[in-house]
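Residue 315, in full-length UniProt numbering, is where the sequence shown stops; the numbers in between run on with no holes. Below is one structure, written out as structure tokens; comments come after it.
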Amino acid sequence: MTDNPSFAPKTFAVIGAGPVGCIVSAFLEKGGHRVILCDVIPELLDPARERGIIIEGAENLTQKVSHTCTSVDDLPEYKPDVIFVTAKANALPLIASAIEGFYKKGLYVVSWQNGIDTELVLANSLGKEGVMRAVVNYGCGLLGPAHVTIPFHHPPHYLQELDPEAKFAADGIAEALTQSGLTTRHTDNIVAMVWRKGVLNACMNPVCAVTGLTMSQAMNDPIIFNIVDALVKECVKVARANEILLGWEYYPNAIEYMRTAGNHKPSMLMDIENGRRTEIDYINGKFVEYGRRAGIETPYNITLQSLVKGLESRL
Ligand SMILES: NC(=O)C1=CN([C@@H]2O[C@H](COP(=O)(O)OP(=O)(O)OC[C@H]3O[C@@H](n4cnc5c(N)ncnc54)[C@H](OP(=O)(O)O)[C@@H]3O)[C@@H](O)[C@H]2O)C=CC1
Ligand SMILES: CC(C)(CO)C(=O)C(=O)O
């Protein structure tokens, strides 16, 4: 006999039918769960339900999802056990307030996104009890609606609850993902992991968004590489000043990760190419904000943030 609660979620809602949400949806459904994929763009949803989500590259599978819907307000009728938020961070305040409309104890909401402090936006509306944060370790893009390319997949992914009382639920969600093929580990160190990924995003996403280069093109251009290198060093300084432990080998590992990512277009470049606003405030904007708090100057992050804002102002 054990008093430890366990959690075996069966029904998952996924908000955002971009490449990241399509991957989570396809794997979870293939793993025997019921998935409701939600997006404001209906054209992204029909093929996910009718033909199936196609994933090509480091992973290869085709999988239909059980249900789709075009509004977060429709989700309660499906009684999801868990909601994955896989939209851009800048969409979070609206999504959080929509979930707040039907949120109740026992529902878990996972920020399966990039960006620093995204989980706090959810917790601000929903409270800490049901909110979790993940770090996603794949790169992907859409070739067409529900048609995903995944040039690299470096599992495990990581997950942590904000409220220690909900650890059993985080374990259950990590287990559901893992047995579905998206190996995910529980961690007690999600903030440092979010920052580790955040530094990579702060270096690659705006540089590629501004230049139009893929990750490997940016890393192989000696002039652009100097900017990436200066950004990594500036972000590491901000992390240290805020007592975020990135780890001993962080710098060489970060450079290696970016060098070997291949011809991936970071999601921010895709946003600019598709005329959409970006997550810049949750990425470089956070290094500027945390730099200021700790008295660290962040000229590279400020410059990149301003350039991306300049691109957004043309929309
Ligand atoms: N692409 C990548 O390689 C990786 C991305 N990530 C992160 O994962 C997250 C998702 O990325 P990605 O899949 O590329 O994002 P996309 O922007 O391609 O997809 C998100 C989708 O969510 C939709 N959406 C926005 N608001 C809502 C809403 N209120 N209700 C329902 N749907 C909504 C968007 O519509 P609309 O466009 O109209 O806003 C869009 O179709 C981001 O944080 C990203 O940084 C993490 C790892 C890798
Ligand atoms: C580029 C990558 C894979 C890592 O920085 C990413 O997370 C994104 O495209 O947003």
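Ideal placement from N, C-alpha and C gives every residue a C-beta, glycine not left out.
Short of 8 Å from the beta carbon of Lys79, and not among the five residues preceding or following it, lie these beta carbons of its own chain, in chain order: Thr11. Contact fails between the region 91-98 and the region 135-150, because fewer than three Cβ pairs, one in each stretch, are under 8 Å apart. Remark: fewer than three beta-carbon pairs, one from each stretch, lie closer than 8 Å, so the region 77-91 and the region 181-196 are not flagged as touching.
Between Ala169 and Glu175, the gap from beta carbon to beta carbon reaches 8 Å or more. The C-beta separation of Gly291 from Val236 comes to about 11 Å, leaving the pair out of contact by the 8 Å criterion. Met204 sits away from Gly262, with the two beta carbons spaced by 8 Å or more. Annotation: the UniProt domain "Ketopantoate reductase C-terminal" (189-312) contains no complete segment of the beta strand (DSSP E) (minimum length 3 residues). Short of 8 Å from the beta carbon of Lys64, and not among the five residues preceding or following it, lie these beta carbons of its own chain, in chain order: Glu29, Ala48, Arg49, Glu50, Arg51, Gly52 and Ile53. In this structure, Lys197 is the residue among Leu246, Lys197, Lys265 and Arg259 with its C-alpha nearest to the C-alpha of Tyr282. Within 7 Å of the C-beta of Thr86 there is at least one heavy atom belonging to ligand 1. Secondary structure in the region 134-198: the alpha helix (DSSP H) runs of 4 residues or longer, each lying completely within the stretch, are 167-179 in chain order. Beta-bridge partners assigned by DSSP to Thr11: Arg34. Asn189 sits exposed, since fewer than 16 C-beta atoms from the chains shown fall within 10 Å of its C-beta.
Where Ile41 is concerned, there is no enclosing beta strand (DSSP E), because DSSP gives it neither an H nor an E. When secondary structure is reduced to three states using DSSP, Leu75 falls in the helix class. With contacts defined as CB atoms closer than 8 Å, Cys208 and Met258 fail to qualify as a contacting pair. According to the DSSP secondary-structure assignment, Cys69 is paired through a beta bridge with Cys38.
Inter-segment contact for the region 150-161 and the region 66-75 is absent: fewer than three beta-carbon pairs are separated by less than 8 Å. Put simply, the backbone Cα of Val110 is about 14 Å away from that of Glu100. The bridge partners DSSP lists for Gly57 are Ile150.
When Ile223, Pro222, Gln305 and Asn242 are compared, the shortest CA-CA separation from Ile296 is found for Asn242. For the set Phe225, Met132, Val308 and Ile55, the Cα lying nearest the Cα of Gly18 is the one of Ile55. The DSSP-derived three-state label of Thr62 is strand. Where Ile95 is concerned, there is no enclosing beta strand (DSSP E), although the alpha helix (DSSP H) around it starts and stops at Leu92 to Glu100. Between ligand 1 and the CB of Asp39, the shortest heavy atom gap is smaller than 7 Å. Shown here, Ile116 sits in coil according to DSSP, grouped into three states, outside any helix or strand.
Secondary structure at Ser6: coil, using DSSP grouped into helix, strand and coil.
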